[in-house]
Each structure stands twice: as C-alpha cells, then as structure tokens.
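First the structure, in the form of structure tokens, and then the observations on it.
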Amino acid sequence: MLPKVYNVKTIILLSENGHRESYSFEKLVFEKECCYLLFKKNYEFYVYKLYLADNQVFLDPAEDELTDALSKTFCKNIKNGPLRHWAIGISYNETTSKNKTSTQFKISNQDQPLDILPFLLQMGEDAIYFR
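Heads up: the sequence shown begins at 6 in the numbering used here, then just goes up one per residue.
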C-alpha cells in the first residue's frame, strides 16, 4: 500500500551504462500523448520522457523541441538527458524540526525499475504541469 506523499526530495536514477546519480524532483509535465519528468542536479535542469515497457517505467531522452519549449516556459536552461535511465530509489515526506530530519525511502530490489509515478502524482498542482 502506498503511503500519503507530501513531498518528493530525491530520485536516484540508474543509467543504461550502470552509473547511479541522484536528482531533485522538480515537475511532472503532461502533454497530449506523453509524460515527462523535470529534474535538477547541481543547478542544472534535465528533462526525460517517460516510457513504459514490460510494465516497467523508463526515462528516455526527451525530444529537442520539447526541451527548448520547456526552457522557455520555465525560464530555465533545461538539458536533455543523454541516456535511458530508470528510477531505483526515491526519498519522500521529508520533515525537519529543530535538530531532527525525518525522511521516508523506497529502494528497488536488485536495481530493477521502480514505479515512481504513484508518488509523484500525489504532489499536487505545484509539481504537475499540463502543457
């Protein structure tokens, strides 16, 4: 059962060449027939196209036209991710009080793709953009 998600902080991605990186989640972008994820890493923004294959969610490089359009829409220099990635971890529901920080995690088993969409869809209007 999926818990109630109030915020998503970090998503850990694994690339097809085996490299792991963590990104900050920025936006879930819906188009007529596609869905995209916008991430931030070290002051740089990246966009990936969601791709479903064999009931698993993959993140493919987005089209250059979309990357350019999103750069104009959000007034940010957005880059296109170079390789196919998939999520293997997500941190969510981070809360901080005084000297204490609490975060929940979900990690995939044996680097298998993790379905992060149910977590992201709960984020609400600030994290979802319809284009």
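Every residue, glycine too, gets a C-beta built ideally from N, C-alpha and C.
Segment contact, 8 Å Cβ cut-off, at least three pairs: the stretch 44-63 with the stretch 71-86: yes
Alpha-carbon to alpha-carbon, I16 and S29: As a first step, residue 29 must be located in the sequence shown, where it is residue number 24. As a first step, residue 16 must be located in the sequence shown, where it is residue number 11. About 6 Å.
Span of the beta strand (DSSP E), counted from its first residue to its last, around K111: To locate residue 111, count along the sequence shown from 1; it is residue 106. Taken as a continuous stretch (DSSP letters only), the beta strand (DSSP E) holding K111 covers 105-112.
Top-ranked residue by Cα proximity to D59, from E99, P118, M128, L75: For this step, residue 59 is matched to residue 54 along the sequence shown. With distances taken between Cα atoms, D59 lies closest to P118.
The beta strand (DSSP E) enclosing L33, as first and last residue numbers: Here residue 33 refers to the residue found at position 28 of the sequence shown. Element bounds for L33: 25-35.
Paired residues, beta bridge with C40 - DSSP: Numbered from its first residue, the sequence shown carries residue 40 at position 35. According to DSSP, which records beta bridges pairwise, C40 is partnered with F35.
Buried versus exposed, by CB contacts within 10 Å (16 or more), I112: Position 107 of the sequence shown, counting from 1, holds the residue named residue 112. I112 should be labelled exposed.
Span separating the alpha-carbon of G86 from that of D120: The residue given as residue 86 occupies position 81 in the sequence shown. The residue given as residue 120 occupies position 115 in the sequence shown. C-alpha separation (whole angstroms): 19 Å.
As assigned by DSSP and simplified to three states, the class of E70: Looking up residue 70 in the sequence shown gives position 65. Reduced to three states, the DSSP call for E70 is helix.
Neighbourhood of S20 by C-beta, 6 Å cutoff - its chain only, sequence neighbours within 5 removed: Translated into the one-based positions of the sequence shown, residue 20 becomes position 15. Within the same chain, S20 has close Cβ partners L88, H90.
As assigned by DSSP and simplified to three states, the class of L75: Your numbering for residue 75 matches position 70 in the sequence shown. Helix at L75.
Beta-bridge pairing of A58 - partner residues as DSSP gives them: For the purposes of this step, residue 58 is taken as the residue at position 53 of the sequence shown. Q61.
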